[in-house]
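Colleague:
There are 2 protein chains.
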Amino acid sequence: MPLPDDLSHSLQALLGTRFSVTQADRGHHAQSESFHSAPPPDAVVWPRTTEEVARIVAACADAGVPLVAWGAGTSLEGHALAYRGGVTLDLSQMDRVIEIRAPDMQVTVQPGVTREALNTELRATGLFFPVDPGANASLGGMASTRASGTTAVRYGTMRDNVLALQVVMADGRVIRTGTRAAKSSAGYDLTGLFVGAEGTLGIITELTLKLHGQPEEVASAVCAFETLDHAVECVSATIQSGIPMARIEFVDAATARAFNLHSGASLPEMPHLMVEFHGSPGSVREDATRFGEIAEDFGATGFDWATTPEDRARLWRMRHGAYHACLALRSGAKGVVTDVCVPMSELPAAVHAAAEDIAAAGLLGPIVGHVGDGNFHSLLLVDPDDKAEIAAAKEVARKMAERALSVGGTITGEHGIGVGKRDLMAAQHGDGWQVMGAIKQALDPQDILNPGKMLPDRN
Amino acid sequence: MPLPDDLSHSLQALLGTRFSVTQADRGHHAQSESFHSAPPPDAVVWPRTTEEVARIVAACADAGVPLVAWGAGTSLEGHALAYRGGVTLDLSQMDRVIEIRAPDMQVTVQPGVTREALNTELRATGLFFPVDPGANASLGGMASTRASGTTAVRYGTMRDNVLALQVVMADGRVIRTGTRAAKSSAGYDLTGLFVGAEGTLGIITELTLKLHGQPEEVASAVCAFETLDHAVECVSATIQSGIPMARIEFVDAATARAFNLHSGASLPEMPHLMVEFHGSPGSVREDATRFGEIAEDFGATGFDWATTPEDRARLWRMRHGAYHACLALRSGAKGVVTDVCVPMSELPAAVHAAAEDIAAAGLLGPIVGHVGDGNFHSLLLVDPDDKAEIAAAKEVARKMAERALSVGGTITGEHGIGVGKRDLMAAQHGDGWQVMGAIKQALDPQDILNPGKMLPDRN
Chain G
58 MPLPDDLSHS LQALLGTRFS VTQADRGHHA QSESFHSAPP PDAVVWPRTT EEVARIVAAC
118 ADAGVPLVAW GAGTSLEGHA LAYRGGVTLD LSQMDRVIEI RAPDMQVTVQ PGVTREALNT
178 ELRATGLFFP VDPGANASLG GMASTRASGT TAVRYGTMRD NVLALQVVMA DGRVIRTGTR
238 AAKSSAGYDL TGLFVGAEGT LGIITELTLK LHGQPEEVAS AVCAFETLDH AVECVSATIQ
298 SGIPMARIEF VDAATARAFN LHSGASLPEM PHLMVEFHGS PGSVREDATR FGEIAEDFGA
358 TGFDWATTPE DRARLWRMRH GAYHACLALR SGAKGVVTDV CVPMSELPAA VHAAAEDIAA
418 AGLLGPIVGH VGDGNFHSLL LVDPDDKAEI AAAKEVARKM AERALSVGGT ITGEHGIGVG
478 KRDLMAAQHG DGWQVMGAIK QALDPQDILN PGKMLPDRN
Chain U
58 MPLPDDLSHS LQALLGTRFS VTQADRGHHA QSESFHSAPP PDAVVWPRTT EEVARIVAAC
118 ADAGVPLVAW GAGTSLEGHA LAYRGGVTLD LSQMDRVIEI RAPDMQVTVQ PGVTREALNT
178 ELRATGLFFP VDPGANASLG GMASTRASGT TAVRYGTMRD NVLALQVVMA DGRVIRTGTR
238 AAKSSAGYDL TGLFVGAEGT LGIITELTLK LHGQPEEVAS AVCAFETLDH AVECVSATIQ
298 SGIPMARIEF VDAATARAFN LHSGASLPEM PHLMVEFHGS PGSVREDATR FGEIAEDFGA
358 TGFDWATTPE DRARLWRMRH GAYHACLALR SGAKGVVTDV CVPMSELPAA VHAAAEDIAA
418 AGLLGPIVGH VGDGNFHSLL LVDPDDKAEI AAAKEVARKM AERALSVGGT ITGEHGIGVG
478 KRDLMAAQHG DGWQVMGAIK QALDPQDILN PGKMLPDRN
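The listed protein sequences correspond, in order, to chains G and U.
Take the first sequence: its letter number 116 is residue 173 in the working numbering, and every next letter is one higher.
Take the second sequence: its letter number 253 is residue 310 in the working numbering, and every next letter is one higher.
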């Protein structure tokens, strides 16, 4: 459905060639990293300033036309797809690092800056931004999905690393949330409300983030275990021992095979843990020794230490490439990617049960996980044209989520809700889901910000 | 104003003697730790279960009568006072530790459990709950004010240590927020919204908290500095060096004098830092040595190490008693207590300016602070019957807050808003304050939950 003429004209007048209704531009914004699909948006805009975003939102609000924010397009639950049409707000040209405040270990960025671009910019400061979901996502998108990843076990998630935001509200008003102080008790935590809101409450146009000192010493290793249970039980024991792991990642035997076939590795086709330690030379040595002792108790073998920065980069590039390496295990496959997160004591049983469900469904579904915080994923490989297979994969994902709920966990640790997990929200939150709906109704009465995602239907 | 008869009868039928309208019980709930005062509530109730709270709230909602939650009565900005009358919900009998889950380092408690009672209960587990605002506050109250205190620099604030809540909403519905997983991306962060909401959005009836391992080794020390500037600049340098301080507290010369007069200390009457290190024996030694070197650069003298648990307990009891020791510096005085929080690089100038303002106003106002996160307090000692003096103290507090805002900080790091800082909310949040008001309106349309606090007037 084309946009109303008035809206088209005003967006064109405001943005010139940064407003597009071409098939190519719209089609590009109908794509997703995962199996989710939707028709293209009616138009795409590329604002460069907060003021432009505010004027775009106000114009869409006047016309009652939906707006969907787009960062790097790497989300996994269909968050950025325009299921109800309208305008996709591509924020990739809002890519300025506005200010680095090294003494306060803070940076202010526009939302289109990617995490890799930020860390490149920070290289000379001795600081880095640790949150690392694998994909080179935009920081606005990472805030909006409350992203985390491999280092969250040590440095926290986006919830812990966003200090302040600038946000354009559904009526075009611009607000600032949070401050540059380390903590505040001044009213509702609006920053925390917008982080993880998936663009349904406002458009993030600026973020102030916490930075961390680059560790003096880093050590990484990979080791193999006889069984999945041994590997995951080793993780629980390690975390409970209090060793401050910087990363502790699980990959199963199928993923090890994918690394061998598609990432140039030569690992035994067994479950593995990939670990990293950050600290002073003394503390890293102590932590690594203690971890080695625990791992040995669980039968770990083939310890391979990455001693140079290049070796470490190769190791984590391989881990980050797991999704695409696993997709390549089956030609033409798309991934039904799902994640859950459970309390640490429940992790071994939850991973074990997921593996059994995948096998029982006759699916190929490698399991990997940021297991240090109880978070794991399965990448269920499906033929995108085979509806029965997609349904079987979704059923496995649903079982994983329900099992997570039954042991005190959550239906998603880091991927978010989007459209993919909306039908599980009532099971997780009960009446709390309606409370979320009431907040949405209060702040976006027309339901124009990323409609159809996450929230209950309006009455 | 007495309660409506119907409401009185139904509360009495529900609660028996745990419903009171006596002058004594009402008067007890009209008191505050600070200079704020209000008329007593019309009635006090002492529920014991979530279901009782839900029925009380539903009954008050039917009658349109305000409800104010009361924990331990230690808040400083008038949070728990019944400015608009109604029912005070004293949660002190909801004091059960419901479940300790040691392997997951979590505990679930009722809101009336105090932090000291919890830590006594945890003693045998090797775990502890670190958030420590000084006062023996209730955990529900600490969540509601987003409390922090001496250890926040290492372990975070209530924002970081509350995993899940049970909350009674303004219409009596009971919801659960959060999960026992370490992280979640499943929808709006309602837990984060209720933490710091000061009882204006719902009544917290259960909390699941993160616990931490008792450190293997602890070392505490106190040392003196020639000037306030030297002490505070030492803090900035220490934090920027990345030493993982467990505590780093500033007390000024007036506070040192108060400790000498009222806490049995014999400190030089100079500014001091009180520090603590947690870790392994090796890491504590390393951290303490590095801190000692930095402190020496700023001219620290008289290092006094507390080597036994008893000595350490005495040291921190003295620090926690600072408020009452300082009050005793002037007989009959009440405290206009205020706190602000600024970015670390702004801390030395902010503390210096506050000290100058206090001196210029001719007030006695000791300064102390959880300076490791940029948070400091002044305890302005006033004659409660001297309106001019109270006005002068409030003016100093206002200047401190405005200066904090002008350098990117917040008007309160941990005390909250209550009635005391409501008139500074617009300056801090701009239109964001109206966004808070819209959320309040959506979730408490009758404005019965702690009305008159924190939020903008209704239109």
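Cβ atoms here follow ideal geometry from the backbone N, Cα and C, with glycine treated the same way.
This structure is a prediction, so every number in the text was calculated from the model and none was measured.
Under the DSSP definition of a beta bridge, which residues are partnered with Q491 (chain G)?
Modeller: Bridge partners of Q491 (chain G): none, in fact.
Colleague: Between the Cα of A352 (chain G) and those of G:D286, G:P366, G:L384, G:R216, spot the shortest distance and give me the residue it belongs to.
Modeller: Of the listed residues, the one whose Cα sits closest to A352 (chain G) is G:D286.
Colleague: Pick from U:D504, U:P513, U:V492: whose alpha carbon is nearest that of L250 (chain U)?
Modeller: Answer by Cα proximity: U:V492.
Colleague: From the DSSP output, in three-state form, read off D430 (chain U) for me.
Modeller: Helix, per DSSP.
Colleague: Looking at the C-beta of Q165 (chain G), does it have a partner C-beta in chain U at a distance below 8 Å?
Modeller: It should be noted that the sequence gives Thr, not Gln, for residue 165 (chain G). Closer than 8 Å: no.
Colleague: Closer than 9 Å between beta carbons: that is the criterion. Which residues of the stretch 487–501 of chain G meet it against chain U?
Modeller: Listed in sequence order: G487, D488, G489, W490, Q491, V492, M493, A495, I496, K497, Q498, A499, L500.
Colleague: Taking the alpha helix (DSSP H) that S453 (chain U) belongs to, which residues open and close that run?
Modeller: At residue 453 (chain U) the sequence reads Val, which differs from the Ser that was named. V453 (chain U) -> alpha helix (DSSP H) spans 444–463.
Colleague: Report all residues from its chain with a CB closer than 8 Å to the CB of A87 (chain G); omit the five preceding and five following residues, and keep chain order.
Modeller: Excluding residues within five positions, the ones whose Cβ falls inside 8 Å are S94, A95, P96, P97, P98, L138, A139.
Colleague: By the 9 Å beta-carbon criterion, what residues does the stretch 393–404 of chain U contribute toward chain G?
Modeller: Those would be D396, V397, C398, V399, P400, M401, S402, E403, in chain order.
Colleague: Rounded to whole angstroms, what's the CA-CA distance from A209 (chain U) to F433 (chain U)? Just pull it up for me.
Modeller: Whole-angstrom Cα-Cα distance: 13 Å.
Colleague: If we ignore side chains and look at the alpha-carbon of each, how far apart do Q163 (chain U) and H377 (chain G) end up?
Modeller: Approximately 31 Å between the Cα atoms of the pair.
Colleague: Out of U:W127, U:C398, U:G244, U:V166, state which residue places its alpha-carbon closest to the alpha-carbon of V425 (chain U).
Modeller: Residue U:C398 is the option with its Cα nearest to V425 (chain U).
Colleague: So what does DSSP say about A278 (chain G), is it helix, strand or coil?
Modeller: A278 (chain G) falls in the strand class under three-state DSSP.
Colleague: What does D147 (chain G) pair with, by DSSP beta-bridge criteria?
Modeller: DSSP, once it has assigned bridges, lists G:W127 as partnering D147 (chain G).
Colleague: With a floor of 4 residues, list each alpha helix (DSSP H) that falls wholly inside the stretch 377–411 of chain U, ordered by position along the chain.
Modeller: For the stretch 377–411 of chain U, whole alpha helix (DSSP H) runs of length 4 or above, ordered along the chain, are 379–384.
Colleague: Taking 8 Å as the threshold (C-beta atoms), are L220 (chain G) and L266 (chain G) in contact?
Modeller: Yes, they are a contact pair.
Colleague: Tell me the DSSP bridge mates of V231 (chain G)?
Modeller: Per DSSP, G:V225.
Colleague: Between P160 (chain U) and chain G, is any beta-carbon pair separated by less than 8 Å?
Modeller: Yes, contact with chain G.
Colleague: Would you report the Cα separation of G253 (chain U) and P325 (chain G), rounded to the nearest angstrom?
Modeller: Spanning the two alpha carbons is a distance of roughly 50 Å.
Colleague: Which same chain residues end up closer than 8 Å to D414 (chain G) when comparing Cβ atoms and leaving out the 5 residues on each side of it in sequence?
Modeller: Here the set comprises V453, K456, M457.
Colleague: Relative to the C-alpha of V332 (chain G), which candidate in G:A118, G:F348, G:A174, G:E343 has its C-alpha closest?
Modeller: Answer by Cα proximity: G:F348.
Colleague: Can you give me the C-alpha to C-alpha distance between G509 (chain G) and A345 (chain U), rounded to a whole angstrom?
Modeller: Roughly 55 Å separates the two Cα atoms.
Colleague: Where does the unbroken beta strand (DSSP E) through H329 (chain G) begin, and where does it stop?
Modeller: Start and end: 329–336.
Colleague: Do H329 (chain U) and A313 (chain U) have their beta-carbon atoms positioned less than 8 Å apart in this structure?
Modeller: Yes, the Cβ-Cβ distance between A313 (chain U) and H329 (chain U) is below 8 Å.
Colleague: Following the continuous alpha helix (DSSP H) through F316 (chain G), name the residue where it begins and the one where it ends.
Modeller: Taken as a continuous stretch (DSSP letters only), the alpha helix (DSSP H) holding F316 (chain G) covers 310–319.
Colleague: Determine whether the Cβ of H472 (chain G) lies closer than 8 Å to any Cβ atom of chain U.
Modeller: Closer than 8 Å: yes.
Colleague: Does any residue of chain G have a CB that is nearer than 8 Å to the CB of M457 (chain U)?
Modeller: Chain G, which has no Cβ nearer than 8 Å to the Cβ of M457 (chain U), makes this no.
Colleague: Identify each residue in the stretch 200–213 of chain G for which the Cβ-Cβ distance to at least one residue of chain U is less than 7 Å, and report them in chain order.
Modeller: Answer in chain order: T202, R203, S205, A209.
Colleague: Answer yes or no: does any C-beta atom of chain U fall closer than 8 Å to that of M302 (chain G)?
Modeller: No, because no Cβ of chain U sits closer than 8 Å to the Cβ of M302 (chain G).
Colleague: May I ask which residues mark the beginning and end of the alpha helix (DSSP H) holding L420 (chain U)?
Modeller: Looking at the DSSP string, L420 (chain U) is not in any alpha helix (DSSP H), and its letter there is neither H nor E.
Colleague: Grab the span of the alpha helix (DSSP H) containing G359 (chain U) for me, first residue to last.
Modeller: It is not in any alpha helix (DSSP H) - G359 (chain U) instead sits in the beta strand (DSSP E) that spans 358–363.
Colleague: Strictly below 9 Å CB to CB, what residues from chain G border D354 (chain U)?
Modeller: Result: empty, since nearest Cβ-Cβ is about 16 Å, beyond 9 Å.
Colleague: Can you look up I305 (chain U) in the DSSP assignment and give me helix, strand or coil?
Modeller: Strand.
Colleague: T295 (chain G) to D430 (chain G), Cα distance in whole Å?
Modeller: If you take the alpha carbons of T295 (chain G) and D430 (chain G), they lie about 11 Å apart.
Colleague: Anything in the stretch 416–449 of chain G with a Cβ closer than 8 Å to a Cβ of chain U? List those residues in chain order, please.
Modeller: Against chain U - using a Cβ distance shorter than 8 Å - the residues of the stretch 416–449 of chain G are D430, G431, N432.
Colleague: Could you have a look at A209 (chain U) and say whether DSSP puts it in helix, strand or coil?
Modeller: In the structure shown, A209 (chain U) sits in a helix (DSSP, three-state: H, G or I).
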